[in-house]
Amino acid sequence: MFDRSNLTPLEKHVHLAIATPHEEMMTYVREAFDANWITTEGDNVRAVEKIAAEKAGVNYAVGLSCCTAALHLCVKAAGEKLYGKPSIGKGAIEGRRVFCSDMTFDATVNPIVYEHGIPVFIDTERDTWNMDSVALEKAFEMYPDVKLVMFAHLYGFPGRISAIKSICEKHGALLIEDAAEAMGATYKGKQCGSFGDYAAVSYNGNKIITGSAGGCLLTNDLETANRARKWATQAREAAPWYQHEEPGYNYRLSNIVAGCVRGQYPYLEEHISQKKAVWERYRDGLKDLPIQMNPWDKENSSPNYWLSAMIIDKEAMCKQVRSDNDAAYIPEHGKTCPTEILEALKYMNADGRPIWKPMHMQPMYRMHEFITVDGSGRCRTNAYIAGGVEDIGADIFQRGLCLPSDNNMTKEQQKAIIETIRKCFE
């Protein structure tokens, strides 16, 4: 039970994750100003696209205003490849089901809705917190006509993407890989973002490489890269005037933002090392408590440790209830819950947040299908969850939280945060 006695709030606020500035960022931004390329073209954009493709191990990268834009164009490209160019007013995957990661940020899923598709959520596996390949296989048995899968790596800890890819290939489905949180992480020696038929990475303000915004679409297909660039510039045709034959978007990456990204890319491995040190200090400082840190496939994965997260053992949980907008708990000696720990962190002037709330629990997606697998290997949809089948994603959400993971955090600040968490279990 959290006791404020003998704890002094930190003088300097500790963020969940923010940018780590480097001098090179301002160098490239200044070059853009000096050349008067304050637009969505320029040396910085071209350099970021080249570096992003090389780092991910793919042929092409398209710089875009954000990762959500990249995922949207991934869905649009996949839809056209699968079903042909839609008529104006129709979505690229109009009325078709798409299998999606369930425990993720809604930016993974919303692009499917932009193109009028129907998300079907696949439950999470406990030992990576990512899409369960067994549940995905069962989903294809239920809906063999599905031809698109959207997979997200959670918090920089790769899922079993090789198994997911094999299942997609077996069923003739295309794979979109949301690597927004996993830049620089690898699975079986390959970079996250290189497994999908289409993929996206993020330069959002809290990511491991950031320009305050921005993202890249990754692909090995030149035609896809060219189509994405066209769509991202309002789908302007190659004519002497502004001519348009299909809907387009204002999605291109700013040359100023690209300068920030370009100045950070050389420090990717350094940032990963710093994030790993943060995760390891939490692991060591909390090791005798009834908790578990982010799990991953240690035989095959190398995470980027973007966000350190923990889940409380069931027997160590005090009573906690959540509505759509609020949470409450009953304090109990020797036990705690995410809500209590987050309140304690706030008192200490540090940021934390709950684990991603699964998509099938979100008000806008509650009526969508959700597929999980019970202990006997039988498939269950959301209609059966109330009947006692375990909902793994919901359980991780109930017992889990993300810890302050900023690589600007000092060891002394992290020590105080660890002590605060420990007091919640007293």
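Under our numbering, residue 564 is the last one in the sequence shown; the count climbs by one each step, no gaps. Built from N, CA and C at the ideal position, the CB exists for glycine as well. Note that the coordinates shown come from a computational prediction; the quantities given were computed from them, not determined experimentally.
- At the C-beta level, Ala190 and Val395 stay beyond 8 angstroms of one another.
- By the neighbour-count criterion, in which a residue is buried when 16 or more other Cβ atoms sit within 10 angstroms of its Cβ, Asp464 is exposed.
- Between Ala317 and Ser143, the alpha-carbon positions lie close to 42 angstroms from each other.
- CA-CA distance, Val186 to Ser440, rounds to 24 angstroms.
- According to the DSSP assignment, Ser239 belongs to the beta strand (DSSP E) that extends over Arg235 to Ser239.
- Exclusion of the five residues before and after Glu478 leaves Phe140, Tyr467 and Cys562 as the residues of its chain whose Cβ lies within less than 6 angstroms of its Cβ.
- For Gly327, there is no enclosing beta strand (DSSP E), as DSSP marks it with neither H nor E.
- For Ile449, there is no enclosing alpha helix (DSSP H); the residue is found in the beta strand (DSSP E) stretching over Ala447 to Ile450.
- Going by beta carbons, Gly353 and Cys540 fall outside the 8 angstroms limit.
- Assigned with DSSP and collapsed to three states, Cys205 falls in helix.
- Leu154 is positioned such that its CB atom lies closer than 8 angstroms to that of Pro542.
- Ranking Tyr252, Phe289 and Val251 by CA distance to the CA of Trp267 puts Phe289 first.
- Annotated three-state conformation of Val511 is strand, per DSSP.
- The alpha-carbon of Lys553 is positioned some 10 angstroms away from that of Ile559.
- Approximately 5 angstroms separates the beta-carbon atoms of Asn393 and Val183; this is inside 8 angstroms, confirming the contact.
- By the beta-carbon neighbour count (other beta carbons within 10 angstroms, threshold 16), His309 is buried.
- Cα atoms of Glu375 and Asn197: separation of roughly 24 angstroms, rounded to the nearest angstrom.
- When C-beta atoms of the segment 410 to 424 are compared with those of the segment 364 to 373, fewer than three pairs fall below 8 angstroms, so the two segments do not count as touching.
- By the neighbour-count criterion, in which 16 or more other beta carbons inside 10 Å mark a residue as buried, Met241 falls on the buried side.
- The beta carbon of Ile299 lies closer than 6 angstroms to those of Tyr325 and Phe333 in the same chain, with the five residues before and after it left out.
- Per DSSP, the unbroken beta strand (DSSP E) holding Ile429 starts and ends at Ile429 to Met431.
- Secondary structure note for Pro249: its alpha helix (DSSP H) is the uninterrupted segment Asn248 to Tyr252.
- Exposure of Tyr380 is indicated by the presence of fewer than 16 other C-beta atoms within 10 angstroms of its C-beta.
- By alpha-carbon distance to Gly538, the top candidate from Glu437, Pro433, Asn358 and Tyr503 is Pro433.
- For Glu315, the enclosing beta strand (DSSP E) has its first and last residue at Leu312 to Asp316.
- At least 8 angstroms separates the beta-carbon of Asp244 from that of Phe508.
- Around Glu384, the same chain offers Ala373 as residues with beta carbons nearer than 6 angstroms, after the five sequence neighbours per side are excluded.
- Put simply, of Lys495, Pro469, Phe259 and Leu427 the residue whose alpha carbon is nearest the alpha carbon of Glu557 is Leu427.
- Inside the segment 150 to 230, DSSP marks whole alpha helix (DSSP H) runs of 4 or more residues at positions 161 to 172, 181 to 194 and 205 to 221, from first to last along the chain.
- The beta carbon of Ala488 sits closer than 6 angstroms to the beta carbons of Val152, Pro542 and Ile555 from its chain, once the five residues preceding and following it are set aside; these are given in chain order.
- Arg560 carries a helical assignment under DSSP once its states are collapsed to helix, strand and coil.
- The continuous stretches of alpha helix (DSSP H) do not include Leu148, and DSSP gives it neither H nor E.
- Here the alpha carbons of Asp181 and His291 stand approximately 30 angstroms from one another.
- In this structure, Ala157 places its C-beta atom within 8 angstroms of the C-beta atom of Gly343.
- The DSSP-derived three-state label of Tyr467 is strand.
- By DSSP's assignment, Lys473 forms a beta bridge with Glu470.
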